[in-house]
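Q: In the working numbering, the protein residues as written are 5 to 334.
The C-beta atom is built at its ideal place from N, Cα and C for all residues, glycine as well.
Pasting a structure below so you can have a look.
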């Protein structure tokens with residue numbers, strides 16, 4: 005009688021691997037099925053349903069950031085000098101916009117600098133969020149990735165408010181209010197030794213920057229303005245890339261937010277410019293970024309370092325008397 009040959013052909017180690025694989029492929033438990041169903045229920049199925057979603061509003065809690073701002077002032081002699089000052093910002097009236105911190109970029113040195121910056125940025129955002137600040141993630145051109153998520157809906161569903169000035173699709177350099185940019189990118193801005201084709205390599209925000217809690221996602225100036233009015237925001241911090249391009253020019257960037265009347269500042273240690281040292285003014289990339297920051301300090305808004313968003317003034321976040329708390333939340 006012929007015997008089956010398959011068992012003799014299988015090595016014992018292979019049999020163990022097959023058995024282990026079968027053991028890990030058990031049907032989902034009732035608890036796991038229930039959890040998956042609940043997770044799916046959190047997300048609306050259609051845009052029509054999404055428009056009706058009522059999301060919880062961010063709590064307005066006490067706390068004060070002591071922000072050490074650095075501006076620049078023109079002297080009578082025509083030179084510029086640093087003008088430091090400290091401002092106290094209520095955390096509940098403070099928002100942070102993260103500009104275009106994509107997961108990749110055609111300029112590989114630019115992408116590498118973002119890779120290095122993203123974890124540092126996330127640590128600052130984690131602390132600021134825990135203190136009560138609003139976090140807005142703005143990875144331009146990637147909104148489809150976040151469609152129907154609570155973070156995207158938080159911006160989309162904020163009531164429309166007519167802005168005091170037009171919100172432009174892009175805010176170009178204004179020669180009547182600012183000088184030419186200090187770094188030349190007219191030829192090409194990438195500092196790779198051999199510059200590759202300028203093609204889109206990103207599809208989302210960098211994975212090291214987390215979305216959680218009451219965060220919002222938008223690349224629309226109007227949506228962000230609506231959200232800021234709803235959330236009673238006065239102070240707006242810009243961080244991200246690139247300093248001489250999107251951080252300044254986007255419809256949610258420094259130029260536009262300043263024109264809308266917000267108290268704007270740049271987190272100067274959490275930004276990076278696009279600049280090739282083979283172009284004017286022939287300085288290092290690091291110095292090129294510093295020159296752009298100085299330009300912003302002269303003509304648009306002051307800067308500060310991200311650590312100022314990680315701590316609050318001692319005692320400022322203590323419980324408030326009931327009457328004061330009620331007034332603050334209105």
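Measure from the alpha carbon of residue 58 to the alpha carbon of each residue in 300, 126, 159 and 183, then state which is nearest.
A: 159
Q: Please list the terminal residues of the continuous beta strand (DSSP E) segment that includes residue 141.
A: 138–142
Q: Would residue 242 and residue 103 be called neighbours here (beta carbons separated by less than 8 Å)?
A: yes
Q: Below 8 Å, how does it come out for the segment 287–306 and the segment 257–268: are there three or more Cβ pairs, yes or no?
A: yes
Q: Helix, strand or coil for residue 72 per DSSP?
A: strand
Q: Considering only residues of the same chain and omitting the five flanking positions on each side of residue 109, which have a CB-CB separation below 8 Å?
A: 115, 118, 205 and 206
Q: Going by C-alpha to C-alpha distance, which of 63, 67, 61 and 83 sits closest to residue 316?
A: 67
Q: For the candidate residues 187, 168 and 190, whose alpha-carbon lies nearest to that of residue 225?
A: Distance from the Cα of residue 225 is smallest, within the candidate group 187, 168 and 190, for 168.
Q: Check whether the Cβ atoms of residue 69 and residue 95 lie closer than 8 Å to each other.
A: yes
Q: From residue 292 to residue 54, what does the alpha carbon distance come to, in whole angstroms?
A: 44 Å
Q: Going by beta carbon distance, what residues of the same chain come within less than 8 Å of residue 164, once the five residues before and after it are set aside?
A: Same-chain partners within the cutoff: 226 and 230.
Q: My output table needs one value for residue 314: the three-state DSSP class, helix, strand or coil.
A: coil
Q: So, at 6 Å on beta carbons, what are the nonlocal neighbours of residue 246 in its own chain, with the 5 sequence-adjacent residues on each side left out?
A: 277 and 278
Q: Within 10 Å of its beta-carbon, does residue 80 have 16 or more other beta-carbons around it, so buried, or fewer, so exposed?
A: exposed
Q: Please work out which residues of its chain come closer than 6 Å, Cβ to Cβ, to residue 129, disregarding the five sequence neighbours upstream and downstream, and give them in chain order.
A: Cβ within range, chain order: 139.
Q: Tell me whether residue 26 is buried or exposed, calling it buried when 16 or more other Cβ atoms sit within 10 Å of its Cβ.
A: Confidence in residue 26 is poor, its pLDDT being 35 and thus under 50, which makes the residue's placement unreliable; the coordinate value appears in the next sentence. Counting Cβ neighbours within 10 Å, residue 26 comes out exposed, since fewer than 16 surround it.
Q: I'd like the span of the beta strand (DSSP E) that includes residue 94, first residue to last.
A: 84–94
Q: Please report how far the alpha carbon of residue 320 lies from the alpha carbon of residue 197, in whole angstroms.
A: 50 Å
Q: Looking at the secondary structure, which residues open and close the alpha helix (DSSP H) in which residue 291 lies?
A: Annotation for residue 291: the continuous alpha helix (DSSP H) segment containing it runs 289–303.
Q: Applying the 10 Å Cβ sphere with the 16-neighbour rule, what's the burial state of residue 176?
A: exposed
Q: For residue 97, which residues in the same chain have their Cβ closer than 8 Å to its Cβ, ignoring the five residues on either side in sequence?
A: 236, 237, 238 and 239
Q: Whole angstroms is fine: what's the gap from residue 256's alpha carbon to residue 170's?
A: 12 Å
Q: For residue 183 and residue 142, I'd like the C-alpha separation in whole angstroms.
A: 27 Å
Q: Give every residue of the same chain whose Cβ lies closer than 6 Å to the Cβ of residue 284, excluding the five residues on either side of it in the sequence, and list them in chain order.
A: Correct list, in chain order: 188.
Q: CA-CA distance, residue 250 and residue 100?
A: 15 Å
Q: What span of residues does the beta strand (DSSP E) with residue 243 cover, start to end?
A: 239–245
Q: Buried or exposed for residue 191, going by 16 or more other Cβ atoms inside 10 Å?
A: exposed
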